[in-house]
Structure formats: C-alpha cells, structure tokens
Amino acid sequence: MHDKTKSLIEKLESEHHLELGEYEYLIAHRDQQAMDFAAERADCVRREIYGTDVYVRGLIEFSNYCKNDCLYCGIRRDNKNASRYRLTEEQILDCCAEGYELGFRTFVLQSGEDSYYTDEILCDLIGKIKKSFPDCALTLSIGEKSRESYQAYFDAGADRYLLRHETASPAHYAKLHPGSMSFLNRIQCLYDLHEIGYQVGCGFMVGSPYQTPRTLAEDMMFIERFRPEMCGIGPFIPHKDTPFRNEPAGTLEETLYLLSLLRLLQPNLLLPATTALGTINPLGREMGAKAGANVVMPNLSPTNVRKKYMLYDNKICTGDESAQCRHCLDLRMESVGYQVVVSRGDIIRK
Ligand code: 5AD
Ligand code: FES
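Written out as structure tokens, the structure reads:
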C-alpha cells in the first residue's frame, strides 16, 4: 500500500469527504494491504454505531414483468426466455405472515416495472400490510414512478424505498440503459423520495461494463451529496439472455473494498451484504459483513417463483424455503462474530 493510499483512507474516516480525484486514486490503487486496512477501519467504525448487529429484511419478489430493457438485467422486457409471474395480494400477504413468524420486522416488496399493479392496487396492498403488521417497516423497490405515485404510497404507509442509481455518471448510465431511460429522471426520483419523507436506498453494481475508477469516484461523490439511508452494492454478474452475456463479472475484492470505503464515508449507512455477493463467492456475504456491511436481505418469495426472478446467472437461494434462508443467514453471520437481530432495523442517527 502506498503512503498516499493509507493517508486517503484515514482522511475518509476522519473527514467523511474526499475530492473526486482522491476517490479515483483510492479505487485505482487497491491492493491487498489497502483492502485489509480499509476493512479494519470500516469494521471498527461499524461497531461504534451498530455493534455486531446485522439487520435483516425479508425480500418479496412479487412480479418479474418489466417494461424496461436495462442491458444488464435478466428480467428485461426483451428477454423472451424469462417465464413471467405475478403474485396475488393474498400470496404477498402470506409471505409477510410467514416472514413475521420467522422474526422479520421489515419487508421489501420488489418487482420489475410492472404497470399491472396500479397505484390503487399498490396503495390497497400497502394499507393491508401495515394494518396486519403495524410494528413492521415496509420498503418498496418498484422502480421509477411519478412524484404523485410516490406520495400516494407514502400516504398509504410505505416507509422506505430502494432505487439503485446504478451509476452516477450520465455517460456510463447511457451505456447500461436503452435510450428510453433517463439518468436525470432516475436521480430526480431519488430526490423526490427523500423530500416526501422516505428512508431511501440508492446503489450500484461493482464491475458493470464500462465502469472505471472515475465513474466509481462519481458514485462516491453522489453518495456524499445525497446522503441515502442505505446503499446497496453487489458485483455485476452477467445473465446469459442479455446483451452483456459475455462481459466479465465484478470481483469479490473490489466489492468488499467499496463496502469498506462506503462505511468510512458515511458511518451510519445501512449496507447490505447482497445476494449477488453471495453468488460470486460462497462466503461473500460473510466477508461483506467483515468489510463493513450490516444488513442482509434473505428471500421470502414463494419457492415456486424464485427461479424466475433471475436478474443474473446462478443466483443463490432459489431452491430454499424462507425459514432455511433465515436460519442459514443467522449461522453465517454468527460464524464471523455478528448477530442477526429481530427489529425494524432503522438507521441510527447520532
Ligand atoms: N448483476 C448484478 N446485479 C444486477 N442487478 C440487475 N441486473 C444485475 C446483474 N446482471 C441489480 C441492479 C438492480 C438491482 C435490483 O439488481 O442494480 O437495481
Ligand atoms: Fe438462503 Fe443461505 S441465505 S440458503
């Protein structure tokens, strides 16, 4: 590790701010010592705020229909090999009930951008979930909507919203998405969500095609400015039925390093050890926790649809019952000295 790398990691920890070129330097000069040093500092910072707690969110993938055509994503509209499904309101409520029994106190409803679910249907569903499980936080992850729709879901009881920004570089964004999708609209959505009062999660893939240390530095700068409650990052993994089928996957090492840098940038950030991280390495989520992650999001979807929500190849946990995933993650987190806790898992503000 160069002296400059070490001093930049120390500066990030103490000032929670770097210049664009400094982030770029840190990311471009990653070596084993830098990774180890960043992870050690990140774990220390995380323990000061969250101790050894790991928050758990139950992920319900309720529809894989999508009107968008993101070049990296397995459920893109143009993928004619995807077998499409939608869960009924009853099925979704059953998933929540099963999750509640298993100790989940927060549910994430995720889907492709599926206009079958009108605002009326969604608000009704949100109301029913909040009424049945008043002590639970409800998170939506259903893509870009109008500000009015976001407001309606919030008024119906939704607490949180996940919408990865995917990349903070407009030029990079244009290489990952069809011309019909707009970078500015996506960023506007994130600001709308925050203004309405949601706790917001943004995020990006690590190692996506055309990503550079510079675009990653822009992601870090965006997170500094936006100050999300959560930031979801995981390696890009190619999907066989997408234009990026032959692109290399993102690496475990770079993902772990960025998790650590994000922890140092914003100490109280909710940082998931993602399913994609567990997919590129069998111990990816454990290593993610050690590098600074403090959230896991096991799958609560019905087993018979899990294989259909394939954003990327070889996704793990598609054959497991919800109870198995919950138990499995308990053991995995314990194996590296952390505990999954039963709680809403709100961000801690000091
Ligand atoms: N590899 C890794 N992550 C992916 N996502 C979509 N496709 C892939 C892929 N091929 C991520 C995107 C999206 C989130 C739900 O999943 O970042 O926002
Ligand atoms: Fe699903 Fe381990 S988390 S089986």
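For what it's worth, my numbering labels the leading residue of the sequence shown as 11, then goes sequentially. Built from N, CA and C at the ideal position, the CB exists for glycine as well.
Original post:
For the beta strand (DSSP E) that Thr116 lies in, which residues bound it at each end?
Top reply: Numbered from its first residue, the sequence shown carries residue 116 at position 106. From DSSP, the beta strand (DSSP E) with Thr116 extends over Thr116 to Ser121.
**OP:** Provide the residue(s) that pair with Pro408 in DSSP beta bridges, ordered along the chain.
**Re:** Lying before the first or after the last residue shown, residue 408 is absent from the chain, which here runs from 11 to 360.
Original post:
For the candidate residues Glu99, Tyr35, Met297 and Arg86, whose alpha-carbon lies nearest to that of Glu130?
Top reply: Reading the sequence shown from its first residue, position 120 is the one you call residue 130. The residue with the shortest Cα to Cα distance from Glu130 is Glu99.
**OP:** Taking only the alpha-carbon atoms, compute the straight-line gap between Phe117 and Val352 and give it to the nearest angstrom.
**Re:** Walking along the sequence shown from the start, residue 117 turns up at place 107. Walking along the sequence shown from the start, residue 352 turns up at place 342. In a straight line, the C-alpha of Phe117 is about 12 Å away from that of Val352.
Original post:
Do you know how far the Cα of Glu228 is from the Cα of Gly302?
Top reply: Here residue 302 refers to the residue found at position 292 of the sequence shown. Here residue 228 refers to the residue found at position 218 of the sequence shown. Near 21 Å, if we compare the C-alpha coordinates of Glu228 and Gly302.
Subject >> 6 Å CB neighbourhood of Arg67 in its chain, flanking five on each side removed >> reply: Within the sequence shown, residue 67 is the residue found at index 57, counting from 1. Answer for Arg67: Thr116, Val118 and Met307, listed in chain order.
Original post:
Near Gly217, what residues of its chain come up, given a Cβ to Cβ distance below 8 Å and the 5 sequence neighbours on each side ignored?
Top reply: Within the sequence shown, residue 217 is the residue found at index 207, counting from 1. Pro245, Phe246, Pro258, Ala259, Gly260, Thr261, Glu264 and Thr265.
Original post:
Excluding five sequence neighbours on each side, which residues of the same chain lie with their C-beta closer than 6 Å to the C-beta of Ile358?
Top reply: Mapped onto the sequence shown, residue 358 falls at position 348. Correct list, in chain order: Ile59 and Asn278.
Original post:
So, using beta-carbon positions, are Tyr322 and Pro248 closer together than 9 Å?
Top reply: Residue numbering aside, residue 322 sits at position 312 when the sequence shown is read from its first letter. Residue numbering aside, residue 248 sits at position 238 when the sequence shown is read from its first letter. The answer is yes: Cβ separation under 9 Å.
Original post:
In the structure shown, what three-state DSSP assignment does Glu154 receive?
Top reply: The count along the sequence shown starts at 1 and reaches residue 154 at position 144. Reduced to three states, the DSSP call for Glu154 is coil.
Original post:
Cβ of Gln221 versus every heavy atom of the ligand FES: is any distance shorter than 8 Å?
Top reply: As a working mapping, residue 221 is identified with position 211 in the sequence shown. No, Cβ of Gln221 sits at least 8 Å from all heavy atoms of the ligand FES.
**OP:** Using the DSSP secondary-structure output, state which residues sit across from Gln349 in a beta bridge.
**Re:** By one-based count along the sequence shown, residue 349 stands at place 339. In DSSP, Gln349 forms a bridge with Asp63.
**OP:** Please name the residue in Val315, Glu239, Phe254 and Arg255 whose C-alpha comes closest to that of Asn304.
**Re:** As a first step, residue 304 is located in the sequence shown; it is residue number 294 there, counting from the start. The residue with the shortest Cα to Cα distance from Asn304 is Glu239.
Original post:
DSSP state of Ala166, grouped into three classes?
Top reply: Along the sequence shown, one-based indexing puts residue 166 at 156. Residue state, collapsed to three classes: helix.
Original post:
Based on Cα-Cα distance, which residue from Pro180, Arg174 and Cys338 lies nearest to Leu200?
Top reply: To locate residue 200, count along the sequence shown from 1; it is residue 190. Checking every option, the nearest Cα to that of Leu200 belongs to Arg174.
Original post:
Taking 8 Å as the line, does the beta carbon of Ile326 fall inside it for any heavy atom of the ligand FES?
Top reply: To locate residue 326, count along the sequence shown from 1; it is residue 316. Yes.
Subject >> Closer than 8 Å: His249 CB and nearest the ligand 5AD heavy atom >> reply: Looking up residue 249 in the sequence shown gives position 239. Yes, the ligand 5AD has a heavy atom inside 8 Å of this Cβ.
Original post:
Within 9 Å (strictly less), CB to CB, does Ala227 reach chain D?
Top reply: Absent from the structure is chain D; it holds one protein chain and no more.
Original post:
Is it buried or exposed for Thr222, if we count other Cβ within 10 angstroms and need 16 for buried?
Top reply: Counting from one through the sequence shown, the residue named residue 222 turns up at place 212. Answer is exposed; the Cβ neighbour count stays below 16.
**OP:** Compute the Euclidean distance between the alpha carbons of Glu154 and Asp13, then round it to the nearest angstrom.
**Re:** One-based indexing of the sequence shown puts residue 154 at position 144. One-based indexing of the sequence shown puts residue 13 at position 3. Using only the alpha carbons, I get a separation of about 43 Å.
Subject >> Anticipated Cβ contact below 8 Å, Gln120 with Asp169, distance rounded >> reply: What you label residue 120 is simply residue 110 of the sequence shown in a count that begins at 1. What you label residue 169 is simply residue 159 of the sequence shown in a count that begins at 1. About 15 Å separates the two Cβ atoms, so there is no contact after all.
**OP:** Put Gln221 into one of helix, strand or coil per three-state DSSP.
**Re:** Locating residue 221 in the sequence shown gives position 211, where the first residue counts as 1. In this structure, Gln221 counts as coil in the three-state DSSP scheme.
Original post:
Any heavy atom of the ligand FES closer than 8 Å to the Cβ of Gly288?
Top reply: Looking up residue 288 in the sequence shown gives position 278. Yes; taking the cut-off as 8 Å, the Cβ of Gly288 has a heavy atom of the ligand FES nearer than that.
Subject >> Near the ligand FES: Asp41 beta-carbon under 8 Å from a heavy atom >> reply: As a position in the sequence shown, residue 41 is number 31, starting the count at 1. Checking the Cβ of Asp41 against the ligand FES gives no.
Original post:
Are Lys325 and Thr285 close, meaning C-beta to C-beta below 9 Å?
Top reply: For this step, residue 325 is matched to residue 315 along the sequence shown. For this step, residue 285 is matched to residue 275 along the sequence shown. Result yes, Cβ atoms of Lys325 and Thr285 sit closer than 9 Å.
Subject >> Beta-carbon spacing of Arg336, Phe114 below 9 Å >> reply: For the purposes of this step, residue 336 is taken as residue 326 along the sequence shown, with counting starting at 1. For the purposes of this step, residue 114 is taken as residue 104 along the sequence shown, with counting starting at 1. Contact: yes.
Original post:
Looking at Tyr65 and Gly355, is the spacing between their C-beta atoms short of 9 Å?
Top reply: Here residue 355 refers to the residue found at position 345 when the sequence shown is read from its first residue. Here residue 65 refers to the residue found at position 55 when the sequence shown is read from its first residue. Yes, Cβ-Cβ distance for Gly355 and Tyr65 is below 9 Å.
Original post:
Heavy atom of the ligand FES less than 8 Å from the Cβ of Arg67, yes or no?
Top reply: Locating residue 67 in the sequence shown gives position 57, counting from the first residue. No, since every heavy atom of the ligand FES falls outside the 8 Å radius drawn around the Cβ of Arg67.
Original post:
Is Arg96 helix, strand or coil by DSSP?
Top reply: Numbered from 1 along the sequence shown, position 86 holds the residue referred to as residue 96. Residue state, collapsed to three classes: strand.
**OP:** Go through its chain and collect everything with a Cβ distance to Ala178's Cβ below 6 Å, but skip five positions before and after it.
**Re:** Taking the first residue of the sequence shown as 1, we reach residue 178 at position 168. Around Ala178: Glu228, Asp229 and Phe232.
**OP:** In the DSSP assignment, find the unbroken beta strand (DSSP E) run with Glu296 in it and report its ends.
**Re:** Numbered from 1 along the sequence shown, position 286 holds the residue referred to as residue 296. From DSSP, Glu296 is part of no beta strand (DSSP E) but of the alpha helix (DSSP H) over Gly294 to Lys300.
Subject >> Cβ-heavy atom distance, Arg316 to the ligand 5AD, below 8 Å >> reply: By one-based count along the sequence shown, residue 316 stands at place 306. Flag unset: Cβ of Arg316 not near the ligand 5AD.
Original post:
What is the C-beta distance between Phe47 and Lys16, in whole angstroms, given that I count them as a contact (C-beta under 8 Å)?
Top reply: As a working note, residue 47 is residue 37 in the sequence shown. As a working note, residue 16 is residue 6 in the sequence shown. The Cβ separation is near 6 Å, so the contact holds.
Original post:
Taking the Cβ atom as the reference point for each residue, do Ser311 and Cys105 lie within a distance shorter than 9 Å?
Top reply: Residue mapping note: residue 311 aligns to position 301 of the sequence shown, counting from 1. Residue mapping note: residue 105 aligns to position 95 of the sequence shown, counting from 1. Going by C-beta atoms, Ser311 is nearer than 9 Å to Cys105.
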